[in-house]
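No gaps in the numbering here: position 81 of the sequence shown is 88 in this note's numbering, and each next residue is one more. Yeah, the Cβ is synthetic: ideal placement off N, Cα and C, and Gly gets one too. I have placed the structure first, in the form of structure tokens, so that the comments after it can refer back to it.
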Amino acid sequence: MSNNHDPRLIFDATGLDREAAARITAKALAGCDDGELFLELSRSESLRWDDGRLKSASFDERAGFGLRAVAEERTGFAHSSEVSEAALKRAAETVRAVRSGYEGALAQAPRGTNHALYPADDPTGQIPFAEKVRLLEAVDAFARSLDDKVRQVSVAFHSSWQAVAIVCADGEVRTDFRPLVRFDVSIITEDGERRGNGFHGYGGREHPAGYLVEERWKAAVEEALRQSLVSLEAIPAPAGEMDVVLGPGWPGILLHEAVGHGLEGDFNRKGTSAFAGLIGQRVAAPGVTVIDDGSIPGRRGSLTIDDEGTPTGPTVLIEDGVLKGYMQDRMNARLMGMAPTGNGRRESHAHAPLPRMTNTFMQAGPHDPEEIIRSVKKGLYAVSFGGGQVDITSGNFVFTCTEAYLIENGKVTAPVKDATIIGNGKDALNRVRMVGNDLKLDDGIGTCGKAGQGVPVGVGQPTVRLDALTVGGTAG
């Protein structure tokens, strides 16, 4: 059983014979526990506008394959941008060495699906180049017309399309076609000696034309300008232990980094995660439920199948504070005696798959967001985050707020700058006191890094109150 896309489109485009690919793959994996041939065709385009002119424009097309053989915990992997029967035979000789006399029994191939999230059509290049340039120029002009404090406008548009065919050891082929769009606006404002920065981006997995309508890009410009003007007025953040309220949507990046990576299968199989061996135990406050779901249509982290051919779907990680499971690829699931969850992902054909997040979010709770703010006498309201650092083994994290405000006597007051939130992932989950009813997913800009690979992801959460976190600041 396969999904409803014809794999001949990919094989014909790359020039590789399907029967030959299946035959060579089966021979390479004989005696192994698992493995697959990952065949990829991708196209991408990117334009960037800066300082009142088109700064860069590019179009890229690539094809290639990655062949993987897995024996126990060992992985043999070879990849090539030359897609041919001869190149595949050379790769097969390389990966076969991973057996080293081992004789395993091939795991059952991933189950198929007749449900496809996206059409097979390649949307890249369908909008004329000149039209895209005129749009970026219009964005720049609109931003500058809104406020005389605007000094610099940067706009970026990225569109890509990836077609993959995964040949399993039994010859079955799983396919997926994946459009991806991202649109970013960055604005710098100045008022005397003060300088403000604002950024807003959005995207997802639909046709690019849907992201370039005037209503959407104007809203992005207005949001970037709002943030930039707010930062002009920001005062130094206080430091110390205080209650923290995280806003809905993008602040879920803290959940992604501080908790999500610790729930990936490889770290738990190796015992290097702070959550290792804790399934069935309480790891968060009551009311905290965390889910990873790669099957939500149009979301940045959503795929019909993962990069091993397993269909995506919702995986409950934490339910009402109790750890229920991990995100699994096929190898770690097999070694842990668990089922794969559709989280085996790779950056491209040149990378082996790893257990990775897709769209990871905390479910909504019972509280009104205004009620949550009113409950805090003195604290920090964090609306957006930038960079951060996380130690997977300990769960310790440090995150920088790009937009945050003081909460004083139950009201949001002055914006602050240079605020950081410092804590431990598992400890922070247990400090959750109130969960809002306003679950929001991010606007579609996330990229997750792991082991040198970047993949598109989504995050989300409702408004959440955490008690007594450490806040770093510069106020005297």
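Asked: ASN10 burial status per 10 Å Cβ neighbour count (16 or more: buried); Found: The predicted position of ASN10 is uncertain, since its pLDDT is 48 and thus under 50; no value can be drawn from it.
Asked: First and last residue of the uninterrupted beta strand (DSSP E) at GLY205; Found: 201-211
Asked: One or two residues paired with LYS424 in a DSSP bridge; Found: PRO243
Asked: Which residues DSSP lists as bridging GLY386, in chain order; Found: ASP250, ILE414
Asked: Cutoff 7 Å; reference ALA99; Cβ partners in own chain excluding five residues on either side; Found: ILE31, LYS34, ALA35, LEU74
Asked: Extent of the continuous beta strand (DSSP E) run through ALA64; Found: 60-78
Asked: Any non-hydrogen atom of the ligand NAD within 7 Å of ASP299 CB; Found: Only the bare structure without any ligand can be found here, which leaves the ligand NAD out of the picture.
Asked: Spatial distance of HIS12 from THR454 (CA atoms); Found: 27 Å
Asked: Whether LEU473 touches ALA435 by CB criterion (8 Å); Found: yes
Asked: Alpha helix (DSSP H) runs contained entirely in the stretch 330-372, provided each spans 4 or more residues; Found: 337-343
Asked: Candidates LEU61, SER87, TYR109, GLY38: closest to LEU48 by CA position; Found: SER87
Asked: Cβ contact (3+ pairs, closer than 8 Å) linking the stretch 463-477 and the stretch 363-370; Found: yes
Asked: Between the CA atoms of ARG15 and ARG25 - distance to the nearest angstrom; Found: 8 Å
Asked: From ALA116, LYS457, PHE72, ALA346, residue whose alpha carbon lies closest to that of LYS96; Found: PHE72
Asked: The stretch 440-452 touching the stretch 410-421, judged by at least three CB pairs closer than 8 Å; Found: no
Asked: Rounded straight-line distance, which links the Cα of VAL252 to that of GLY210; Found: 26 Å
Asked: Alpha-carbon to alpha-carbon, GLY417 and GLU52; Found: 47 Å
Asked: Residue interval of the beta strand (DSSP E) (run including PRO186); Found: 180-198
Asked: Local Cβ density within 10 Å of SER238, reported as buried at 16 or more and exposed below that; Found: buried
Asked: Cβ neighbour criterion (16 or more within 10 Å) applied to PRO258; Found: buried
Asked: Residue range of the unbroken alpha helix (DSSP H) whose run includes GLU264; Found: Looking at the DSSP string, GLU264 is not in any alpha helix (DSSP H), and its letter there is neither H nor E.
Asked: Buried or exposed (CB count within 10 angstroms, at least 16 for buried), ALA227; Found: buried
Asked: Own chain residues within Cβ distance below 6 Å of PHE45, not counting five before or after; Found: GLY73, ILE173, HIS356
Asked: Alpha-carbon spacing of THR317 relative to GLY217, whole angstroms; Found: 29 Å
Asked: Selection from GLY402, GLY132, GLU229 that minimises the alpha carbon distance to PHE66; Found: GLY132
Asked: Length at least 3, wholly inside the stretch 71-131: the beta strand (DSSP E) runs in chain order; Found: 81-87
Asked: Reference TYR125, options ALA104, GLN288, ASN431, ALA170, closest by Cα; Found: ALA170
Asked: Whole-angstrom distance between GLN335 and PRO215, CA atom to CA atom; Found: 31 Å
Asked: For ARG440 and HIS374, the rounded distance between their alpha carbons; Found: 10 Å
Asked: Cross-strand partners of SER53 (DSSP beta bridge); Found: SER65, HIS165
Asked: Local Cβ density within 10 Å of GLU68, reported as buried at 16 or more and exposed below that; Found: exposed
Asked: Three-way DSSP call (helix, strand, coil) for PRO14 in this model; Found: coil
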